[in-house]
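Asker: Numbering (the working numbering), first residue to last: -5 to 402.
Positions of the beta carbon are idealized from the N, C-alpha and C atoms, including for glycine.
Okay, here's the structure, questions in a sec.
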């Protein structure tokens, strides 16, 4: 189909889910390919929650309980875990009392098992031009089942060879298909998608609540992975970064205008830009994602530039002897066209992104909506409210811009 006639990605995913639900015995995970993926394990869903512990039993039980809670919650979709207890494993039970009576040490049993089923290098053969490692292990046909333990002998302290089957028995049981590790601890990763319109912040709060309700053992460590980990990191640092950026801009503007007051006039339009961006995201049912935050940060430079064009002219006019009211009025009239040209140039550049045109537009659209909404809302503030703030701060400071020696 032509691109303009194709349905939205969320609509396609929902329609496919409805189709596969009617097939009995089939469990399908639909995970759209992301243009931007921030680490994490390869999983069946986009977001990941990693649980680690030294106690394998507690880890798997807690992961299964949490996965059940998430599956019953309407916010989460495609909940799965990589702890698939569908494998068959052999468990060796050692009779320690009998082994002690026969003079067999546990370390010798471990060494014999490693020599039989591992890849122990026992020697090296050197030739004139090369060297070859000698690996000792059982033949593949002898290690196919637990009957191989009867062919393994362990040397006791007295030198006698004791069959391993004499001091140990083999028990078959169900175990994990694969065991993953993170940070040297056994780990289980829960992966999930979100329902349309659900926010990742709300999902994180629900996971934390379920964790408290299930009363996880203290030995279990939890963390987010992939995109969810990036979201958690950005949530913790974005306020600090924005405040630091504003402080740096304030200091630079203060040095430029030699005033502590009028940089505040320039920065006064930034809250309106952020409010416009958030309103636009809300109208289009978009989350405040990392991409949307990039758009909001871009607004700082664009909105600040518009205010600088007006304030810079007004301060020059005041230095020439013009009154503050007449200076800011003249600046608003003469700088109206440059401000509008700058704003509309930025709007036209962000409009294709905001409209979601092109392949992979779902990733970029929040950025475009943030920029368009912030510019539209802040434009009114810059033209109407900035002169009012300028006059108010000028009266409050009482002296206008600082003058250098030799200025008229």
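1. Assess contact between the stretch 362 to 377 and the stretch 335 to 343, defined as three or more Cβ pairs (one per stretch) separated by less than 8 Å. Is contact present?
2. Would you call the stretch 108 to 128 and the stretch 190 to 208 in contact, with 3 or more CB pairs under 8 Å?
3. Can you find the residues in the same chain that come closer than 6 Å, C-beta to C-beta, to residue 54, ignoring five residues on each side of it along the sequence?
4. For residue 384, which residues of its own chain have a beta-carbon under 6 Å away from its beta-carbon, when the five flanking residues on both sides are left out?
5. Give me, in chain order, the residues of the same chain whose beta-carbon lies closer than 7 Å to that of residue 391; leave out the 5 immediate sequence neighbours on both sides.
6. Rounded C-beta distance between residue 208 and residue 47? I'm assuming under 8 Å.
7. Excluding the 5 residues flanking residue 176 on each side, which residues of the same chain have their C-beta closer than 7 Å to its C-beta?
8. What does DSSP give as the partner residue(s) for residue 225 in the beta ladder?
9. Taking the alpha carbon of residue 405 as the point to measure from, which residue in 374, 377 and 151 has its own alpha carbon closest?
10. Given residue 141, which residues of its chain have a CB within under 7 Å of its CB, disregarding the five upstream and five downstream residues?
11. To the nearest angstrom, report how far apart residue 239 and residue 288 are at their CA atoms.
12. Taking Cβ to Cβ, would you say residue 299 is nearer than 8 Å to residue 336?
13. Would you decide whether residue 187 is buried or exposed? Buried here means 16 or more other CB atoms lie within 10 Å of its CB.
14. Under 6 Å Cβ to Cβ from residue 9, same chain only, skipping five residues before and after it: list those, please.
15. Assuming residue 285 and residue 369 form a contact by the criterion Cβ under 8 Å, report the distance between their Cβ atoms to the nearest whole angstrom.
16. Short check: CB of residue 111 to CB of residue 132, under 8 Å?
17. Just the C-alpha distance for residue 19 and residue 38, rounded to the nearest angstrom, thanks.
18. Might you give, ordered along the chain, the residues of its own chain that have their beta carbon closer than 7 Å to the beta carbon of residue 269, omitting 5 neighbours on each side?
19. Nearest to residue 325 by alpha carbon, out of 307, 313, 346 and 113?
20. Considering only their Cβ atoms, is the gap separating residue 21 from residue 171 smaller than 8 Å?
21. When the Cα atoms are used, what is the spatial distance from residue 64 to residue 201?
22. Looking at residue 264: is its Cβ nearer than 8 Å to the Cβ of residue 257?
23. For residue 58, name the three-state secondary structure that DSSP assigns.
24. Can you name the residues that DSSP bridges to residue 125?
25. With distance defined between alpha-carbon atoms, name the residue in 211, 220, 88 and 182 nearest to residue 421.
26. If you follow the alpha helix (DSSP H) that residue 328 is in, where does it begin and where does it stop?
27. Who pairs with residue 81 in a beta bridge, going by DSSP?
28. Can you tell which of 359, 153 and 69 has the C-alpha that lies nearest to the C-alpha of residue 97?
29. Use the C-beta contact count for residue 271: other C-beta atoms within 10 angstroms, 16 or more gives buried, fewer gives exposed.
30. Exposed or buried, what is residue 16 when buried is set at 16 or more other beta-carbons lying within 10 Å of its beta-carbon?
31. I think residue 143 touches residue 164, with their Cβ atoms under 8 Å apart; what is that distance to the nearest whole Å?
32. Got a sec? Which residues, its chain only, sit under 8 Å from residue 189 by beta carbon, not counting five neighbours each side?
33. Hey, out of 333, 210 and 109, whose CA is closest to residue 137's CA?
34. Taking the alpha carbon of residue 280 as the reference point, which residue from 358, 203, 292 and 316 has its own alpha carbon closest?
35. For residue 225, collect the residues of the same chain with a Cβ closer than 6 Å to its Cβ; drop the 5 residues on either side in sequence, then sort them by chain order.
36. Report the three-state DSSP secondary structure of residue 71 (helix, strand or coil).
Answerer: The relevant details are as follows:
1. The stretch 362 to 377, when compared against the stretch 335 to 343, does touch it at the 8 Å Cβ threshold.
2. no
3. Counting from one through the chain shown, the residue named residue 54 turns up at place 60. If we look at residue 54 and ignore the five residues flanking it on each side, its Cβ neighbours are 77.
4. As a first step, residue 384 must be located in the chain shown, where it is residue number 390. 259 and 322.
5. Within the chain shown, residue 391 is the residue found at index 397, counting from 1. Here the set comprises 255.
6. Indexing the chain shown from 1 puts residue 208 at position 214. Indexing the chain shown from 1 puts residue 47 at position 53. Rounded, the Cβ-Cβ distance is 14 Å, inconsistent with contact.
7. Taking the chain shown and counting its residues from 1, the one referred to as residue 176 is at position 182. Cβ within range, chain order: 44 and 46.
8. Your numbering for residue 225 matches position 231 in the chain shown. BP columns for residue 225 are empty, so no partner.
9. Nothing can be reported for residue 405: it is not among the residues displayed for the chain, which extend from -5 to 402.
10. Here residue 141 refers to the residue found at position 147 when the chain shown is read from its first residue. Contacts found: none.
11. Residue mapping note: residue 239 aligns to position 245 of the chain shown, counting from 1. Residue mapping note: residue 288 aligns to position 294 of the chain shown, counting from 1. Distance between the alpha carbons of residue 239 and residue 288: 13 Å.
12. Numbered from its first residue, the chain shown carries residue 299 at position 305. Numbered from its first residue, the chain shown carries residue 336 at position 342. For residue 299 and residue 336, yes; Cβs fall inside 8 Å.
13. Taking the chain shown and counting its residues from 1, the one referred to as residue 187 is at position 193. Flag for residue 187 reads buried.
14. Numbered from its first residue, the chain shown carries residue 9 at position 15. Excluding sequence neighbours, residue 9 sits near nothing in its chain.
15. Here residue 285 refers to the residue found at position 291 of the chain shown. Here residue 369 refers to the residue found at position 375 of the chain shown. Not quite, the Cβ-Cβ distance comes to about 17 Å (not below 8 Å), so this is no contact.
16. Indexing the chain shown from 1 puts residue 111 at position 117. Indexing the chain shown from 1 puts residue 132 at position 138. Against a cut-off of 8 Å, the Cβ pair of residue 132 and residue 111 comes out as a contact.
17. Taking the first residue of the chain shown as position 1, residue 19 is located at position 25. Taking the first residue of the chain shown as position 1, residue 38 is located at position 44. Roughly 18 Å between the two C-alpha positions.
18. Translated into the one-based positions of the chain shown, residue 269 becomes position 275. Here the set comprises 371.
19. Reading the chain shown from its first residue, position 331 is the one you call residue 325. When only C-alpha atoms are compared, the closest one is 307.
20. Counting from 1 along the chain shown, the entry for residue 171 is found at position 177. Counting from 1 along the chain shown, the entry for residue 21 is found at position 27. Taking 8 Å as the Cβ cut-off, residue 171 and residue 21 do not qualify as a contacting pair.
21. Sequence index remark: in the chain shown, residue 64 carries index 70 (1-based). Sequence index remark: in the chain shown, residue 201 carries index 207 (1-based). If I take the Cα positions, the gap works out to 8 Å.
22. On the chain shown, position 270 is the one that residue 264 refers to. On the chain shown, position 263 is the one that residue 257 refers to. Not closer than 8 Å, so no.
23. Locating residue 58 in the chain shown gives position 64, where the first residue counts as 1. Three-state DSSP puts residue 58 in a helix.
24. Position 131 of the chain shown, counted from the first residue, corresponds to residue 125. Looking at the DSSP assignment, residue 125 forms a beta bridge with 120.
25. Only positions -5 to 402 of the chain appear in this structure, which leaves residue 421 out of reach.
26. Working through the chain shown from its first residue, we reach residue 328 at position 334. Its alpha helix (DSSP H) spans residues 318 to 328.
27. Along the chain shown, read from residue 1 onward, the residue named residue 81 stands at position 87. DSSP lists 169 as partners of residue 81.
28. In the chain shown, residue 97 corresponds to position 103, counting from 1. Closest by alpha carbon: 153.
29. Locating residue 271 in the chain shown gives position 277, counting from the first residue. Flag for residue 271 reads buried.
30. The sequence position of residue 16 within the chain shown is 22, counting from 1. By the neighbour-count rule (16 or more Cβ atoms within 10 Å), residue 16 is not buried but exposed.
31. For the purposes of this step, residue 143 is identified with residue 149 of the chain shown, where counting begins at 1. For the purposes of this step, residue 164 is identified with residue 170 of the chain shown, where counting begins at 1. Right, the Cβ-Cβ distance comes to about 6 Å (below 8 Å), so this counts as a contact.
32. In the chain shown, counting from the first residue as 1, residue 189 sits at position 195. If we look at residue 189 and ignore the five residues flanking it on each side, its Cβ neighbours are 68, 69, 70 and 71.
33. The count along the chain shown starts at 1 and reaches residue 137 at position 143. The option with the nearest alpha carbon to residue 137 is 109.
34. As a first step, residue 280 must be located in the chain shown, where it is residue number 286. When only C-alpha atoms are compared, the closest one is 358.
35. Taking the chain shown and counting its residues from 1, the one referred to as residue 225 is at position 231. Residues of the same chain with a CB within less than 6 Å of the CB of residue 225, apart from the 5 flanking positions on each side, are 194 in chain order.
36. Counting from one through the chain shown, the residue named residue 71 turns up at place 77. It is a strand residue.
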